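Novice: Please find one structure pasted underneath; my questions will follow.
Protein chains in written order, with this note's numbering: chain A, 141 to 444; chain B, 141 to 444; chain C, 141 to 444; chain D, 141 to 444.
See the structure below:
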C-alpha cells in the first residue's frame, strides 16, 4: 500500500474543497485559531510514518484527550470503572443533561462530557497529584517529554464553561462525583487543554493499533482485552451523535475534538491523526471527516 | 484455527451456565417455544462450516430479518434511503416513540422498530408483490428455497402488536410512511415471522462477511461499500440499547431478535448464528451474548 | 353589570383586529369553514342571556366535548376514574406521546388526547350503546334535543387521525385501554365531531357555573364537589400547553377546541361560549382568547 | 362563617391523623426541625385573624418566598419579565433540567427552581444592594421589621445545593442568566432561607387577597391586574408537579416550600398559612395539604 501517494492525493483533493464549517465558539481562545490549517499524520505498526500539511503545528486536542484519561483510569481500576458509567452510545448531543436525569447520574459512556467528568473524578481519587501524574502518564505513553497543558486554553474554558459546570454539579447531586466539583472541573479543563501536533497525536495513540503496547519498546499501556474495548467504545461513541455516521462512512474507531482534531485507529495496522479547525454542526471537523472517509474507501481499510 | 473444538468447548460451558433470562412475552406464540434449545452454526468464507446443538431446528428470526429488508431496500434505492431514516444509535429502547417526536418522524436507524417500518414502507412502494417478492429475494440470497413466513407467528403478533401499530401510525402522522399503515404493518409482521435454522441463518447472511457476494457463485447481493455500511450499522445499532455492550464485549457487527437468535459477522472471515430463546432485560439472548463473547475472546477475532 | 354593552363593545374591538391565526389543517373538513365567523354567547345563572355575531351557527366543538365525556364518566364512576389518569397539567403539546412513555400509559389529565381516549374507553365499558347513550346524556344535560354527531367530520378525522390512532394503540400497549382501539377511536372521533352553536354551548355547560345543577330545573348533573373539580381541571389543563397563559390572562376555567370554540366558566355566575376558527400556534382560537381576556379585565370577573 | 370553630375542628382532626411524610433531606439543617410542629394562621381582608398550634414559631419558608421575589421583580419591570420565563406549568419535578434543554434556557414559570433563579438574576441586575434591598421590600410589604434571612440555612443549602448550582450554570450556558452564577445562587439561597411564623406568613401575603394592597394602609404592592396574575400562576404552578392535585382538591391559589409551609389565598377574602414539616413524595406538606382540602370543603371556599 503506497500510503504516501494515497494520503497526498486525498489531502490535495480535500484541501481545495469548500465546506460550511465553523470554528468552535464555545471556548473563546479556540476562535483565534487560523481556520486554514490542515494537517495529517499516519504512523503504522510496522514503522512507517508520513505527514503532510500543518502536521507539525500544535493544536488543542480537546475531547481527543478523553481516550487518554479513560486509558489511565481503565489501566488502574479495570472493569470496576463501569460501575460508574456505561458503554452505550447516547443518541443525544455531547453536552446533554437530559439522559443523566433519567439515568440518575450514570453517564452513558466515557466520551460524552458527563462520562469524561466521572473519569476525571476517578483519576483525582486515585492519583496523588492528579494533573502532574496524568501528564507524566501521557509523556510516558507517547515517549514525548514536552507534552503539556495550555493554561491559557484551560483558563479560557473555565471562564465560559457553564454547561460543563452544570453537568458536573448535576452528577454530583446524584452522588456520582466523589470529589469537589471545582476540583473535578479544573482537572477536566486541563485535560481538554492538552496540545499536540498531528505527528504527536498519531504516535501517542498508536498503542491502540498495537494491541495495547507502546510501539517503541513493547511497554504495555493496556492489556489486549482492554485495548479492544477502548477501540469498541471509540467506534460506537467517539463522535457524539455522529458516531453512527462516522462508522458508516469511515468504518474505523476514532475520537474527535472541538479543536478540529480527529484520531482514527485501524487495529493491527495504523493510527492516523487529522486536524482542520472548522467544524460541522455536530462538532466534528469537516475536512477531517471527509479525509478519513476517502482514505478508508481508497485503501479499503475499513474494519467492516 | 480449530473452530470445531473451540465452539464445542464454549458451547458446553455456556449450555450448563444458568442465566436469569425470560422468554419474550410480547408475542404470545413465542412463549410456547422450548427455552432449552441452544444452537450454534458457523460458516466461513473459505467453505468451512460447523454446527452444534439445536442448529437444525427452525425458529422465529424476528428482528434479525431487518438486515435482509435493509439489504433489499439499499440494493434497490442506494443512498437515497437515508433521506428517510438515519444511521445513528438511538440510546433508547427498540420500541421507543420519544425520539420520533423530537426527530419529526425520522427514525434513528433501520434496526429499531420505527426504522424497520420505514424500510417496509419503502419496499412496499418499490415491489410489485411485496411479500412474495421479498421472499423470493431471501430465497435467492440464501439459495434455500423453502424459507418462508410463519402465518401463525405473524397473526399472533398482529393481534397484540399495539406498540408497533402506534409506531407506524405515529410515523405516518409525520408523513414518513407513504402507504397505508395497515399494509405496512402486515408486511412488517410477516418480515419478523420468517423462520430459519441456525444453519440457514448463518448461510443466508454470509454475503456480509464476503464483501457482498453470495458464497456459492459470487452473485453480488450488495456492493462492497454498501456491505461495509450495513456491517457498520449492525455494529453501532444491532442490539437496541445494548449495542455498545455487544461491541464492547463481542466486538463484531451483529443483529439480535426477540426469538432468541443472533447473527454475528466477522468481515472477510465468517458469519455465525446462535439461538437460545431466554432473553436478558434488554431483549437479547442471554446464552447467545455469552457464547459470542467467549468465542471472540478465545479466537481473538474481535474486529478491534 | 351591563353585559350586553360590554360584550358588544369588546366584540366590535376584537372583530376588526387582525391576528396571524390559521385554520386547523389537522381535519380536512375543518379547513372548509369560513374563517370570518365570530360568535359569542353568554348565559348567567340568574337567567340573563345575550349573543352576538355568528352565535347561532353550528360548528364542530371538537375538544370542548371532552368536558362532557369527563362529566359522564365522573358521574358514573366517581373518584375511581383517577386510577386510570391524572389531574396534572402536562407541560407538553396536546397530542404528545413522550410523557405517556415515561408514565407507563397513564395520561396526565382528561383533556389531553391521551386522557380523553381513556375516558372514552371507560364510557364504552360502562354504556350499553356508547354513542347513542352519550348523545342521550348531552341532550338531557342541555335540554336541546337535536344535538348530534357530524358523521362527515368524524369520518374526515378517522381518515387522517394517525396521531390519535398511534396514541390509542400506545396506551393499549400499556394495558390502560380495555376495549379494542378501533372501537375507542370510533367513539372518540364521534365525540369530537359534535356540533353546537355558541348559544347551545353556553347553555349546555351552564351546570358548571351552577354548582352542578341544570339551570332549567335544578336537575343535578354532577355533585358540588365534582363540579369544582372539573372546573379546577379546566383551569389547569384546559388549553393544552397554553393553560397557564389562559389562567394568567383570562383567569377563568375553560376549554378550547381546534374548531375554534372556547367555553369559559365563572363559577356561580356565568358560562360563556366564543367561536372564531383561526387558531394560534398552540391550537387555541386567537379571537376567542383575546375576547375573553378583555372581558374578564373589563368586568373584573377573573376568579383570582 | 365561624372560622375559629371550623379551623379548630379541622386542626384537631388532622393533627391526630398519621401520614407517611418525611422531613426534607435536601438541606441538612432542615432535617433538624421537630416534625411534630403544626401551625395554622388565617387573616381575612376584613380584619379577622386566628391562629392555632405552632403558629408563632419561626420556620424556613423556602420556596414560599418565590412569590415575594416574583412580586418585586414584577412590580419593578412589569410584563417585561415574561421575555425571560413563562407562565406554564412544567409537568416535571421542581428541579428538573430536561425541559430547560428543550426550551433553550427559558424556564416554564417563576416557581420552579429554574424560574426562581432567573427572577433572582433580574433582581440582582435591578437592585443596588440585592440582599439588603429585598429584605427591606418584604419588611415594608409585611410591616414586620424583624424578618430576616437565616445565614445558617443559607450556608447549609450552599454546601449541598449541587442541583441548583447545576440549574443556574445550565441557564447561564443559554445566556438567560446575566450576572455571575455564584452571585445569583448566593441571592437564591438567601431568599429561600427567610424565616417566618405562620402569623407572619399569613399577614405578609395578604396583599394577594386584597387586590394588591397592603391591608394596614392600602399601600399598593402590586396593581390589580398583576395581583390576579400572580394568583393565577400560583394556581397552575404553585405545587410543583402536584399543582393540578392542589387545584383539584383545595381549589385555591397557593405556594408550598420544602420547609413544610404553605400559603393559600382566597382572592377578596383571606390568606392562610399552614406549617407542618413532613413532606409527601412530591415535596409538599402532608398535613398542610390535608388541612387545606378539608378547610375549603367545609367552608365551601374553593374559587371554583
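For every residue, glycine included, the Cβ atom is placed at its ideal position computed from N, Cα and C.
Predicted model, so just to flag it, every value in this text is computed and none were measured.
Out of 323/B, 365/B and 390/B, which has the shortest C-alpha to C-alpha gap to residue 442/A?
Specialist: Residue 442/A sits at position 302 when you count from the first residue of the first chain. When only C-alpha atoms are compared, the closest one is 365/B.
Novice: Determine, using beta carbons only, whether residue 213/C and residue 264/C come nearer to each other than 7 Å.
Specialist: Along the third chain, one-based indexing puts residue 213/C at 73. Along the third chain, one-based indexing puts residue 264/C at 124. Cβ atoms of residue 213/C and residue 264/C: not closer than 7 Å.
Novice: With 7 Å as the limit, tell me which residues of the region 372-389 of chain D have their beta carbon closer than that to any beta carbon of chain C; keep them in chain order.
Specialist: Listed by position along the chain: 372, 373, 375, 376, 377, 381, 383, 384, 385, 387 and 388.
Novice: What residues in the region 300-319 of chain A bring their beta carbon closer than 7 Å to a beta carbon of chain D?
Specialist: Listed by position, the residues of the region 300-319 of chain A near chain D (Cβ gap below 7 Å) are 302, 303, 305, 306, 309, 310, 312 and 313.
Novice: Go through the region 333-416 of chain A residue by residue and report every complete run of the alpha helix (DSSP H) that reaches 4 residues or more, in order.
Specialist: Correct list: 338-344, 364-377 and 383-389.
Novice: Helix, strand or coil: how does DSSP classify residue 184/D here?
Specialist: Position 44 of the fourth chain holds residue 184/D. Residue 184/D: strand per DSSP, three-state reduction.
Novice: With a 10 Å radius around its C-beta and 16 neighbouring C-beta atoms as the bar for buried, classify residue 178/A as buried or exposed.
Specialist: Locating residue 178/A in the first chain gives position 38, where the first residue counts as 1. Flag for residue 178/A reads buried.
Novice: Taking only heavy atoms of the ligand ATP into account, decide whether any of them is closer than 6 Å to the Cβ of residue 148/B.
Specialist: As for the ligand ATP, it is missing from this structure, which has no ligand bound.
Novice: Could you give the DSSP three-state label for residue 288/B: helix, strand or coil?
Specialist: Translated into the one-based positions of the second chain, residue 288/B becomes position 148. Correct three-state label for residue 288/B: strand.
Novice: Is residue 349/C closer than 7 Å to residue 306/B when the C-beta atoms are compared?
Specialist: Taking the first residue of the second chain as 1, we reach residue 306/B at position 166. Taking the first residue of the third chain as 1, we reach residue 349/C at position 209. No, Cβ-Cβ distance for residue 306/B and residue 349/C is not below 7 Å.
Novice: Any contact between the region 274-294 of chain C and the region 277-287 of chain B? By contact I mean 3 or more CB pairs, one from each, below 8 Å.
Specialist: The region 274-294 of chain C, when compared against the region 277-287 of chain B, does not touch it at the 8 Å Cβ threshold.
Novice: What does a CB cutoff of less than 6 Å around residue 415/C pick up in its chain, not counting 5 residues either side in sequence?
Specialist: As a first step, residue 415/C is located in the third chain; it is residue number 275 there, counting from the start. If we look at residue 415/C and ignore the five residues flanking it on each side, its Cβ neighbours are 179, 199, 338, 400 and 401.
Novice: For the 8 Å Cβ check, are there 3 or more pairs between the region 225-241 of chain B and the region 365-385 of chain B?
Specialist: The region 225-241 of chain B, when compared against the region 365-385 of chain B, does touch it at the 8 Å Cβ threshold.
Novice: Whether or not the region 300-319 of chain C and the region 346-361 of chain C are in contact is what I'm after, with contact meaning three or more pairs of Cβ atoms, one per stretch, closer than 8 Å; do they touch?
Specialist: The region 346-361 of chain C vs the region 300-319 of chain C: no contact.
Novice: Taking any Cβ of chain D, which residues in the region 317-339 of chain A have a Cβ under 8 Å from it, in chain order?
Specialist: The residues in question are 321.
Novice: Hey, could you find the ends of the beta strand (DSSP E) residue 192/A is sitting in?
Specialist: Taking the first residue of the first chain as position 1, residue 192/A is located at position 52. Note, residue 192/A: beta strand (DSSP E), 189-193.
Novice: Can you confirm whether residue 484/C, when its beta carbon is compared against all beta carbons of chain D, has any partner nearer than 7 Å?
Specialist: In this structure chain C extends from 141 to 444, so residue 484/C is not present and cannot be described.
Novice: Between residue 362/C and chain B, is the shortest Cβ-Cβ distance under 7 Å, so that the two count as touching?
Specialist: Indexing the third chain from 1 puts residue 362/C at position 222. Not one chain B Cβ lies under 7 Å of residue 362/C.
Novice: Below 8 Å between beta carbons is the criterion; list the residues of the region 220-242 of chain A that meet it against any residue of chain B, in chain order.
Specialist: So the close ones are 226, 227, 228, 229, 230, 231, 232 and 239.
Novice: For chain B, is any of its Cβ atoms less than 7 Å away from the one on residue 369/A?
Specialist: Within the first chain, numbered from 1, the residue matching residue 369/A stands at position 229. So yes, residue 369/A belongs to the interface.
Novice: Using the beta-carbon of each residue, which ones in chain B are nearer than 7 Å to residue 391/A?
Specialist: Counting from one through the first chain, the residue named residue 391/A turns up at place 251. Near residue 391/A (Cβ distances below 7 Å), the residues of chain B are 368 and 372.
Novice: Name the DSSP bridge partner or partners of residue 200/C?
Specialist: Position 60 of the third chain, counted from the start, is the residue given in the question as residue 200/C. Per DSSP, 335/C.
Novice: Closer than 7 Å by C-beta to residue 254/D: which residues in its own chain qualify, once you throw out the five before and the five after it? Chain order, please.
Specialist: Here the question's residue 254/D lines up with position 114 in the fourth chain. Result list for residue 254/D: 240, 247, 307 and 311, in chain order.
Novice: Report the residue from 417/B, 392/B, 203/B and 393/B whose alpha carbon sits nearest the alpha carbon of residue 175/B.
Specialist: On the second chain, position 35 is the one that residue 175/B refers to. Taking only the C-alpha atoms, the option nearest residue 175/B is 417/B.
Novice: Can you tell which of 294/C, 315/C, 293/C and 232/C has its C-alpha closest to the C-alpha of residue 303/B?
Specialist: For the purposes of this step, residue 303/B is identified with residue 163 of the second chain, where counting begins at 1. Answer by Cα proximity: 315/C.
Novice: Quick one: what's got a C-beta closer than 7 Å to residue 382/B's C-beta in the same chain, skipping five residues either side?
Specialist: Position 242 of the second chain, counted from the first residue, corresponds to residue 382/B. Closer than 7 Å at the Cβ level, and outside the excluded window around residue 382/B, lie 422 and 424.
Novice: Note down, in chain order, each residue of its chain lying with its Cβ closer than 7 Å to the Cβ of residue 183/B, except the 5 sequence neighbours on either side.
Specialist: Here residue 183/B refers to the residue found at position 43 when the second chain is read from its first residue. Once the five neighbours on either side are set aside, the close Cβ partners of residue 183/B are 189, 342, 343, 346, 410 and 411.
Novice: What separation, rounded to the nearest whole angstrom, lies between the Cα atoms of residue 272/C and residue 287/C?
Specialist: Locating residue 272/C in the third chain gives position 132, counting from the first residue. Locating residue 287/C in the third chain gives position 147, counting from the first residue. If I take the Cα positions, the gap works out to 12 Å.
Novice: Should the region 392-399 of chain A be regarded as contacting the region 200-208 of chain A, the criterion being three or more beta carbon pairs within less than 8 Å?
Specialist: With the cut-off at 8 Å, the region 392-399 of chain A and the region 200-208 of chain A touch.
Novice: Do residue 407/A and residue 296/A have their C-beta atoms closer together than 7 Å?
Specialist: Translated into positions along the first chain, residue 407/A becomes position 267. Translated into positions along the first chain, residue 296/A becomes position 156. No; because the gap between Cβ atoms is not below 7 Å, this pair is not in contact.
Novice: How is the alpha helix (DSSP H) around residue 306/C delimited, first residue to last?
Specialist: Mapped onto the third chain, residue 306/C falls at position 166. Segment 302-313, the alpha helix (DSSP H) holding residue 306/C.
Novice: Within the same chain, show all residues whose beta-carbon is closer than 7 Å to that of residue 144/A, passing over the 5 residues directly before and after it, in chain order.
Specialist: Start at 1 with the first residue of the first chain, and residue 144/A comes out as number 4. Within the same chain, residue 144/A has close Cβ partners 190.
Novice: Chain D partners of residue 186/C, CB-CB under 9 Å?
Specialist: Taking the third chain and counting its residues from 1, one reaches residue 186/C at position 46. The premise fails here: residue 186/C is roughly 19 Å from chain D at the closest Cβ pair, so nothing lies under 9 Å.
Novice: How should residue 242/C be labelled, buried or exposed, when 16 other C-beta atoms within 10 angstroms of its C-beta is the threshold for buried?
Specialist: Here residue 242/C is taken as the residue at index 102 of the third chain, counted from 1. Residue 242/C is exposed by the Cβ-count criterion.
Novice: Just to make sure I have the definition right: I need the residues of chain A whose C-beta is within less than 8 Å of the C-beta of residue 444/B. Which are they?
Specialist: For the purposes of this step, residue 444/B is taken as residue 304 along the second chain, with counting starting at 1. Per Cβ cutoff of 8 Å: 367, 368, 369, 371, 372, 375, 393, 407 and 443.
Novice: With DSSP as the reference, identify every bridge partner of residue 419/D, one or two as the case may be.
Specialist: Your numbering for residue 419/D matches position 279 in the fourth chain. Looking at the DSSP assignment, residue 419/D forms a beta bridge with 162/D and 425/D.
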